[in-house]
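> The structure's right below; bear with me while I get my questions together.
2 protein chains.
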Amino acid sequence: MVIAIKEDSDIPIYLQIRNQIVQGIAQGKLLPGEHLPPVRALAEEIGINFMTVNKAYQLLKQEGYLISDRRKGARIREEFPLAGGLSAETFELLKQIVSEAQLRGVSAGEFCELCTKMYEEPGTVPRTK
Amino acid sequence: MVIAIKEDSDIPIYLQIRNQIVQGIAQGKLLPGEHLPPVRALAEEIGINFMTVNKAYQLLKQEGYLISDRRKGARIREEFPLAGGLSAETFELLKQIVSEAQLRGVSAGEFCELCTKMYEEPGTVPRTK
DNA sequence: TGTTTTGTACTACTTATTTTAATACAGATA
DNA sequence: TATCTGTATTAAAATAAGTAGTACAAAACA
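Here is the structure:
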């Protein structure tokens, strides 16, 4: 999977990496058990320090998406915890997003339709209704 | 409306204020045209510097939620722009949340149900399904 | 054995952010 | 006039965040 970094984004590089990997797993681009590139290789590919990639991997590992493998690099976890709900942080974030959507005139139905499309056809969801 | 600041939160104070006001508007706790407390009064109530409150008000004003009223303090805007869609930033954030929900075993149906409840009965939505 | 590759711990540097502070000012109000 | 509003300005301090450099241990392999 290709990691594309936006240099001018206000999202830090290590988070861009982390987010793209999470989305990659959710979208099936990264399969359970699959090896990620070594921190140094990915860093060189992107053109950054390998500790920045390491920070992303550390975060993913801490969140349960990755397991460390000193032999062949980091691996996507085989069995996900399936926490059965959102984390407290994500839950609060979602409440905030719903409030803002509501105030911008997005109906509950439209919002759900948008989310459903994100579930089903990730990558092809247009932003404007 | 009462603004409750979590001192140990990793979200900065001015953002906590801003977020709670946005949610307050969405939930009908703050009505269009309603006056917010003066920056100095709210600051003293919370126990912070009034410029921190001012920063929150500035942000809300910039986002179109508030209008300045030099006579009796800031006021909730009467007519919202109804931007007709999410901002690009919020859209990306939502994509991220959907991915994470998906990986945690939350189905599209469950996710939509949760969002719908957030729309309809804000404040009473439990985090655990 | 030696070499290479892996992740990681530790440290450091730089930059950005957040919060507080002290004033000052202009418009509105009583 | 006196007092209330928001706001502009500037500064300072503290904290946090991001990125990077070096060194090291475990594993793999020729």
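If you read the sequences in order, they're chains F and A.
Per our numbering, residue 27 is the first one in the first sequence, and the count goes up by one each step.
Per our numbering, residue 27 is the first one in the second sequence, and the count goes up by one each step.
Where a beta carbon is used, it is the ideal one built from N, C-alpha and C, also for glycine.
Going straight from the alpha carbon of residue 40 of chain A to that of residue 70 of chain F, what length do you get?
The residue labelled residue 40 of chain A in the question sits at position 14 within the second sequence. The residue labelled residue 70 of chain F in the question sits at position 44 within the first sequence. When rounded, the distance between both Cα atoms is 38 Å.
> Helix, strand or coil: which one does DSSP assign to residue 101 of chain A?
Taking the first residue of the second sequence as position 1, residue 101 of chain A is located at position 75. If DSSP states are grouped into helix, strand and coil, residue 101 of chain A belongs with the strands.
> Between residue 116 of chain A and the rest of its own chain, which residues show a CB-CB distance below 7 Å, the 5 nearest in sequence each way excluded?
Numbered from its first residue, the second sequence carries residue 116 of chain A at position 90. Correct list: empty, nothing qualifies.
> Three-state secondary structure (DSSP) at residue 140 of chain A?
Your numbering for residue 140 of chain A matches position 114 in the second sequence. Note: residue 140 of chain A maps to helix in three-state DSSP.
> For residue 104 of chain F, tell me which candidate among F:110, F:112, F:93, F:79 has the shortest Cα-Cα distance.
The count along the first sequence starts at 1 and reaches residue 104 of chain F at position 78. Nearest option by C-alpha distance: F:93.
> Determine, using beta carbons only, whether residue 60 of chain F comes closer than 8 Å to chain A.
As a working mapping, residue 60 of chain F is identified with position 34 in the first sequence. So no, residue 60 of chain F is outside the interface.
> Are there 16 or more other CB atoms within 10 angstroms of the CB of residue 47 of chain F, so buried, or fewer, so exposed?
The sequence position of residue 47 of chain F within the first sequence is 21, counting from 1. It is buried - the Cβ of residue 47 of chain F has at least 16 other Cβ atoms within 10 Å.
> Does chain F have any CB closer than 8 Å to the CB of residue 130 of chain A?
The sequence position of residue 130 of chain A within the second sequence is 104, counting from 1. Closer than 8 Å: yes.
> Quick check on the burial criterion: 16 or more other C-beta atoms within 10 angstroms. Buried or exposed for residue 49 of chain A?
The count along the second sequence starts at 1 and reaches residue 49 of chain A at position 23. Answer is buried; the Cβ neighbour count reaches 16.
> Does any C-beta atom of chain A lie closer than 8 Å to the C-beta of residue 34 of chain F?
Walking along the first sequence from the start, residue 34 of chain F turns up at place 8. Chain A, which has no Cβ nearer than 8 Å to the Cβ of residue 34 of chain F, makes this no.
> Mind checking if residue 28 of chain A is an interface residue toward chain F, Cβ cutoff 8 Å exclusive?
Within the second sequence, residue 28 of chain A is the residue found at index 2, counting from 1. No, no contact with chain F.
> Residue 44 of chain F and residue 85 of chain F - do their beta-carbons sit closer together than 8 Å?
Within the first sequence, residue 85 of chain F is the residue found at index 59, counting from 1. Within the first sequence, residue 44 of chain F is the residue found at index 18, counting from 1. Yes, these two residues count as a Cβ contact at 8 Å.
> Do residue 62 of chain A and residue 110 of chain A count as a contact pair if the criterion is CB distance below 8 Å?
In the second sequence, residue 110 of chain A corresponds to position 84, counting from 1. In the second sequence, residue 62 of chain A corresponds to position 36, counting from 1. Cβ distance not < 8 Å, so residue 110 of chain A and residue 62 of chain A don't count as in contact.
> Would you kindly check if the distance between the Cβ of residue 56 of chain A and the Cβ of residue 127 of chain F is under 8 Å?
Reading the first sequence from its first residue, position 101 is the one you call residue 127 of chain F. Reading the second sequence from its first residue, position 30 is the one you call residue 56 of chain A. For residue 127 of chain F and residue 56 of chain A, no; Cβs fall outside 8 Å.
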